[in-house]
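Below: one structure, written as structure tokens.
Residue numbers (our numbering): 1262 to 1320.
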């Protein structure tokens, strides 16, 4: 499957971590707060979460 071409000036940052739903929501809120405060030229922020099916995470 071909990747969608992003317009100039659009960037994607991918962070991988073990977060429960509460931590993921807190992270998303913090990212939006930081962008609003320090990166006013950013017009859109999307935070997506996903799960890894079939993977057993060690404690």
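Ideal Cβ positions, reconstructed from N, Cα and C, are used throughout, including at glycine.
Beta-carbon spacing of residue i, residue j below 9 Å
i            : j            : result
residue 1306 : residue 1293 : yes
residue 1304 : residue 1285 : no
Terminal residues of the alpha helix (DSSP H) in which residue i lies
i            : result
residue 1296 : 1282 to 1299
Same chain, Cβ closer than 7 Å to residue i, neighbours up to 5 away in sequence not counted
i            : result
residue 1280 : 1288
Residues of its chain near residue i, where Cβ-Cβ distance is below 6 Å and the 5 sequence neighbours each way are ignored
i            : result
residue 1273 : none
residue 1270 : none
residue 1282 : none
Nearest neighbour of residue i, chosen from the options [CA to CA]
i            : options             : result
residue 1290 : 1277, 1271 and 1308 : 1308
Close Cβ partners of residue i (< 8 Å) along its chain, the five nearest in sequence each way excluded
i            : result
residue 1296 : 1303 and 1306
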